[in-house]
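So that you can map any letter, position 164 of the sequence shown is 211 in my numbering, and since no number is skipped, the others follow by simple counting. Some notes on the structure that comes next.
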Amino acid sequence: MIMNRAERRRQEKLIKKQKEGRTEEATDQKAIDYFQKALICQQNSQLEEAIQLYRKALSANRNFIEAYNNLGNLLRNIGKPEEAKLIFEKALKTDPENSTIKSNLATVLQLQGHVDKAIHLLKEVIGNDPNHTDALNNLGLLYYSKSRFEEAKEVFEKILERDRDNTDALNNLGTILHYEGNSEKAEKLFKQIIDKIPEHFNARNNLGELYADTDKMDGAINCYKDALKINPKFTRSKRNLGFSYLWKQDLDNALHYLKESAEEQHNNLYQVKKGFLSKTRIKHDYDQLNHLLNKKLIDKKYTKTIEQLAQLKDSNEDPVTVPEEVEDLCQKIIFLPEEKNIGKIINPDLDVNKIQKDFRKHEPAEYVVIDNLLTKEAMLEIRRFCNESTIWKTEYGPGYLGAFMGEGFASKFIMRFSEELKTTFKGIFGDRLLQQAWAFKCDNSQSGVKIHADFAAVNVNFWLSPESANLDTKTGGLIVWDKPSPPDWHFQDYNTNEEKIRSYLQDQKASFIRVPFKENRVLIFNSTLFHETDQMKFKEGYENRRTNMTLLYGRDLRKN
48 MIMNRAERRR
58 QEKLIKKQKE
68 GRTEEATDQK
78 AIDYFQKALI
88 CQQNSQLEEA
98 IQLYRKALSA
108 NRNFIEAYNN
118 LGNLLRNIGK
128 PEEAKLIFEK
138 ALKTDPENST
148 IKSNLATVLQ
158 LQGHVDKAIH
168 LLKEVIGNDP
178 NHTDALNNLG
188 LLYYSKSRFE
198 EAKEVFEKIL
208 ERDRDNTDAL
218 NNLGTILHYE
228 GNSEKAEKLF
238 KQIIDKIPEH
248 FNARNNLGEL
258 YADTDKMDGA
268 INCYKDALKI
278 NPKFTRSKRN
288 LGFSYLWKQD
298 LDNALHYLKE
308 SAEEQHNNLY
318 QVKKGFLSKT
328 RIKHDYDQLN
338 HLLNKKLIDK
348 KYTKTIEQLA
358 QLKDSNEDPV
368 TVPEEVEDLC
378 QKIIFLPEEK
388 NIGKIINPDL
398 DVNKIQKDFR
408 KHEPAEYVVI
418 DNLLTKEAML
428 EIRRFCNEST
438 IWKTEYGPGY
448 LGAFMGEGFA
458 SKFIMRFSEE
468 LKTTFKGIFG
478 DRLLQQAWAF
488 KCDNSQSGVK
498 IHADFAAVNV
508 NFWLSPESAN
518 LDTKTGGLIV
528 WDKPSPPDWH
538 FQDYNTNEEK
548 IRSYLQDQKA
558 SFIRVPFKEN
568 RVLIFNSTLF
578 HETDQMKFKE
588 GYENRRTNMT
598 LLYGRDLRKN
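So, in structure tokens, the structure goes:
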């Protein structure tokens, strides 16, 4: 959030005092002028200008708390948490007991991974002001992020004791109850919000997710559509609609909404500009735009951007400050290839019965390796989609980019592939639904994805790069351990807590298999098994980047 309710109220009071000619909060006219110009720039997404104007306001008046607050929030929101932290800390030297500053500093500490420090700070705020609703709500959300659900519920219930119609608390409490399987109570809370505030699109979406999880797909679709009538730009509901139609095997509508979700995220003209890109993004986008230009798939008007990226990719900075027009273009999906009419996708010569038996013989650590999974035509088609689609916008770790189904990694081919895989290997997938699909691209010698497990029941990891790209035929693939995540672990435990995972595997005396990278090879395995990308060494060159596709089916672990 750029500005919470407490911040808005504080600024409204400040502007009112200025109009009345009262500046007893040590804010002189020059500082206020800079401040108001900064607000206008921020509203128009001119963020670099806003930052400079807030700094000028603070130069004119070192005690201008509102300027500190807005500048800190802005720096946080554009991905500069360390700078935001320094600004909030300066503000606290001016006003050590300012609860709004402390509350916002807590959100920065959370972003930096210092959740316990953030919790301590919010408790300090609440200790001084037990009725500080924003701090209480943020504390509940922090408990939720740490999977401390009972404590989170207590906080939201405390808010509701004082304000029974507080929609933030009702919504957050409903989300926890839904997660815990208490669908009836969660449904009542979401409906209570909607009755009070019919335009609350978030509650309508959450009600839809609850219906989807209880096999009421038509009800879910209606909720998502209602949410979009209120907020046509709400990408979460668009993505949810895409998956809902996919589960109903309505591929046309599924693709329509998943593409709309990606379009809204990447091509929205009001997208927040950060003013910088990572070196990984710059190098990838430079290589990809050259690739597209050489194949005459994009207009020569992009030559200027390519030349700018050529200069930026050798910068000593990371992230690199970039011109607005470069960031604007790189954040958009400027090209998607036309799909070819592919016949059979799965190789018809595979021994399906043997593959399914091989998968089951490793129970409970099921896995199977299949070579030559796709027909040659299908293999070339999915590789072409990954090389040519300008969908690679999110960096998921040092050196690797990814795109999920709601972020651009969606096509008729991918949907057909997901269904054909499932129907071909019924003995592996059963009636499990596709929960998510994505692809990752790695720099040629990066470490890849760290050790983790996924919430799904079955994981499909498929390798797309040319055989000749891999310089070490014994590595480059995946390492899979023979121990699954304990069923009572929460998402943060099994998906991101590397120290806890490795300690657990050591205690369990776990062993692992190493499956080397190979073109057109797929590893299908129990998704609750811990796994990680193996070390890799690939040739330089855009088309040689290690590219893999992942599909998740069913659910076996907690999603939170």
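Glycine residues also receive a C-beta, built at the ideal position from the N, C-alpha and C atoms. Here the structure is a predicted model, which means the values were calculated and not measured.
**Report entry** Under the three-state DSSP convention, the category Pro128 falls into
**Finding:** Locating residue 128 in the sequence shown gives position 81, where the first residue counts as 1. Secondary structure of Pro128 (DSSP, three-state): helix.
Query raised in the report: Span of the beta strand (DSSP E) holding Arg602?
Result: Reading the sequence shown from its first residue, position 555 is the one you call residue 602. That residue, Arg602, is in no beta strand (DSSP E); it is neither H nor E in DSSP.
Report task. Could you spell out the range, first to last residue, of the alpha helix (DSSP H) harbouring Lys84? Result -> Position 37 of the sequence shown holds residue 84. Gln76 to Gln90 is the extent of the alpha helix (DSSP H) around Lys84.
Query raised in the report: Just checking my contact of Tyr600 with Ala504 at CB under 8 Å: how many whole Å lie between their CB atoms?
Result: Taking the first residue of the sequence shown as position 1, residue 600 is located at position 553. Taking the first residue of the sequence shown as position 1, residue 504 is located at position 457. Between Tyr600 and Ala504, the beta carbon gap of about 6 Å places them in contact (Cβ cut-off 8 Å).
Requested in this report: State yes or no: is the beta carbon of Lys232 nearer than 8 Å to at least one beta carbon in chain B?
Outcome: Among the protein chains of the structure shown there is no chain B, as only one such chain exists.
Query raised in the report: Should the region 395-405 be called in touch with the region 346-362, which here means at least 3 C-beta pairs below 8 Å?
Result: For the pair of segments examined, the region 395-405 was found not to touch the region 346-362: the number of CB pairs separated by less than 8 Å stays below three.
Query raised in the report: What separation, rounded to the nearest whole angstrom, lies between the Cα atoms of His225 and Ser291?
Result: By one-based count along the sequence shown, residue 225 stands at place 178. By one-based count along the sequence shown, residue 291 stands at place 244. Going by the C-alpha atoms only, they are around 18 Å apart.
Query raised in the report: Looking at the structure shown, is Val373 part of a helix, part of a strand, or coil, going by DSSP?
Result: Taking the first residue of the sequence shown as position 1, residue 373 is located at position 326. Three-state result, Val373: helix.
**Report entry** Best match in Phe564, Glu256 and Leu207 for proximity to Thr580 [C-alpha to C-alpha]
**Finding:** By 1-based counting over the sequence shown, the position of residue 580 is 533. The option with the nearest alpha carbon to Thr580 is Phe564.
Requested in this report: From the DSSP output, in three-state form, read off His221 for me.
Outcome: In the sequence shown, the residue the question calls residue 221 occupies position 174. Going by the sequence as given, residue 221 is Gly instead of His. In the structure shown, Gly221 sits in a helix (DSSP, three-state: H, G or I).
Report task. Using DSSP bridges, identify the partner residues of Cys433. Result -> Within the sequence shown, numbered from 1, the residue matching residue 433 stands at position 386. In the DSSP assignment, Cys433 is bridged to no other residue.
Report task. With a 10 Å radius around its C-beta and 16 neighbouring C-beta atoms as the bar for buried, classify Pro128 as buried or exposed. Result -> In the sequence shown, counting from the first residue as 1, residue 128 sits at position 81. By the neighbour-count rule (16 or more Cβ atoms within 10 Å), Pro128 is buried.
Query raised in the report: Assuming Met583 contacts Cys489 under a Cβ cut-off of 8 Å, what Cβ separation, rounded to an integer in Å, is found between them?
Result: By 1-based counting over the sequence shown, the position of residue 583 is 536. By 1-based counting over the sequence shown, the position of residue 489 is 442. About 7 Å; that satisfies the 8 Å criterion.
Query raised in the report: Would you call the CB atoms of Phe406 and Ile475 closer than 8 Å?
Result: Taking the sequence shown and counting its residues from 1, the one referred to as residue 406 is at position 359. Taking the sequence shown and counting its residues from 1, the one referred to as residue 475 is at position 428. For the 8 Å CB-CB criterion, Phe406 and Ile475 form a contact.
Query raised in the report: Rounded C-beta distance between Glu234 and Leu254? I'm assuming under 8 Å.
Result: The residue you call residue 234 lines up with position 187 of the sequence shown. The residue you call residue 254 lines up with position 207 of the sequence shown. The Cβ separation is near 7 Å, so the contact holds.
Query raised in the report: In chain order, what residues of the same chain have a beta carbon less than 8 Å from the beta carbon of Leu20, not counting five sequence neighbours either side?
Result: This structure cannot speak to residue 20, because the chain is shown only from 48 to 607.
Query raised in the report: Between the Cα of Glu246 and the Cα atoms of Lys272, Phe135 and Gly266, which residue gives the shortest distance?
Result: By one-based count along the sequence shown, residue 246 stands at place 199. Measuring from the Cα of Glu246, the nearest candidate turns out to be Lys272.
**Report entry** Lys469 - containing alpha helix (DSSP H), residue span
**Finding:** What you label residue 469 is simply residue 422 of the sequence shown in a count that begins at 1. Lys469 -> alpha helix (DSSP H) spans Lys459 to Thr471.
Requested in this report: For the alpha helix (DSSP H) containing His331, list its first residue and its last residue.
Outcome: Position 284 of the sequence shown holds residue 331. Where His331 is concerned, the enclosing alpha helix (DSSP H) starts and stops at Lys326 to Asn341.
Query raised in the report: In the DSSP assignment, what are the bridge partners of Asp405?
Result: Residue 405 sits at position 358 when you count from the first residue of the sequence shown. Answer is none; Asp405 lacks a bridge partner.
Report task. Mind checking which residues open and close the beta strand (DSSP E) that includes Asn573? Result -> Sequence index remark: in the sequence shown, residue 573 carries index 526 (1-based). Its beta strand (DSSP E) spans residues Arg568 to Asn573.
Query raised in the report: For Arg561, does the count of other Cβ atoms within 10 angstroms reach 16, so buried, or fall short, so exposed?
Result: Here residue 561 is taken as the residue at index 514 of the sequence shown, counted from 1. Counting Cβ neighbours within 10 Å, Arg561 comes out exposed, since fewer than 16 surround it.
Query - Assumed close pair Leu183, Lys164 - CB separation to whole angstroms, cut-off 8 Å - result: Locating residue 183 in the sequence shown gives position 136, counting from the first residue. Locating residue 164 in the sequence shown gives position 117, counting from the first residue. In this structure Leu183 is not in contact with Lys164, their Cβ atoms being roughly 18 Å apart against a cut-off of 8 Å.
Query - Local conformation of Glu442 per DSSP, three classes - result: Taking the first residue of the sequence shown as 1, we reach residue 442 at position 395. DSSP places Glu442 within a strand segment (E or B) once states are collapsed to three.
Query raised in the report: Closest by CA to Asp375, which one among Thr594, Ile268 and Asp332?
Result: Here residue 375 is taken as the residue at index 328 of the sequence shown, counted from 1. That would be Asp332, whose Cα lies nearest to the Cα of Asp375.
Query raised in the report: In chain order, which alpha helix (DSSP H) runs of at least 4 residues are fully inside the region 261-318?
Result: Fully enclosed alpha helix (DSSP H) runs of 4 or longer: 264-277, 282-294 and 298-314.
**Report entry** Stretch pair the region 88-104 + the region 112-120: three plus CB contacts closer than 8 Å
**Finding:** Contact holds: three or more Cβ-Cβ distances are below 8 Å.
Query raised in the report: Can you tell me where the beta strand (DSSP E) with Asn508 in it begins and where it stops?
Result: Taking the first residue of the sequence shown as 1, we reach residue 508 at position 461. According to the DSSP assignment, Asn508 belongs to the beta strand (DSSP E) that extends over Val505 to Trp510.
Report task. Taking Phe472 and Gln403 to be in contact with their CB atoms under 8 Å, please state how far apart those CB atoms are, rounded to whole angstroms. Result -> On the sequence shown, position 425 is the one that residue 472 refers to. On the sequence shown, position 356 is the one that residue 403 refers to. Indeed they touch by this definition, with Cβ atoms about 6 Å apart.
Requested in this report: Would you please state the rounded distance, in angstroms, between the beta carbons of Lys360 and Ile329? I believe it to be under 8 Å.
Outcome: Numbered from its first residue, the sequence shown carries residue 360 at position 313. Numbered from its first residue, the sequence shown carries residue 329 at position 282. Yes, Lys360 and Ile329 are in contact; Cβ-Cβ is about 5 Å, under 8 Å.
**Report entry** Distance between Tyr191 and Thr180 (C-alpha atoms, nearest Å)
**Finding:** Taking the first residue of the sequence shown as position 1, residue 180 is located at position 133. Taking the first residue of the sequence shown as position 1, residue 191 is located at position 144. The C-alpha of Thr180 lies about 16 Å from the C-alpha of Tyr191.
Query raised in the report: By the 10 Å Cβ neighbour count, where 16 or more other Cβ atoms means buried, how is His313 classified, buried or exposed?
Result: Locating residue 313 in the sequence shown gives position 266, counting from the first residue. Counting Cβ neighbours within 10 Å, His313 comes out buried, since at least 16 surround it.
**Report entry** Cut-off 6 Å between Cβ atoms - residues of its own chain near Thr594, not counting five sequence neighbours on either side
**Finding:** Start at 1 with the first residue of the sequence shown, and residue 594 comes out as number 547. Residues of the same chain with a CB within less than 6 Å of the CB of Thr594, apart from the 5 flanking positions on each side, are Cys433, Lys488, Leu511 and Ser512 in chain order.
Query - Nearest-angstrom beta carbon gap, Ile380 and Ile429 [assumed within contact, 8 Å] - result: As a working note, residue 429 is residue 382 in the sequence shown. As a working note, residue 380 is residue 333 in the sequence shown. With 8 Å as the limit, Ile429 and Ile380 do not qualify as a contact, their Cβ atoms being about 18 Å apart.
Requested in this report: Give me whichever residues DSSP pairs with Met596 in a beta bridge.
Outcome: As a working note, residue 596 is residue 549 in the sequence shown. Beta-bridge annotation (DSSP): Met596 is paired with Ala486 and Phe509.
Query raised in the report: So, helix, strand or coil for Arg52, using DSSP?
Result: Start at 1 with the first residue of the sequence shown, and residue 52 comes out as number 5. Here the model assigns Arg52 a pLDDT of 49, short of 50, so the residue's position is not dependable and the matter cannot be decided.
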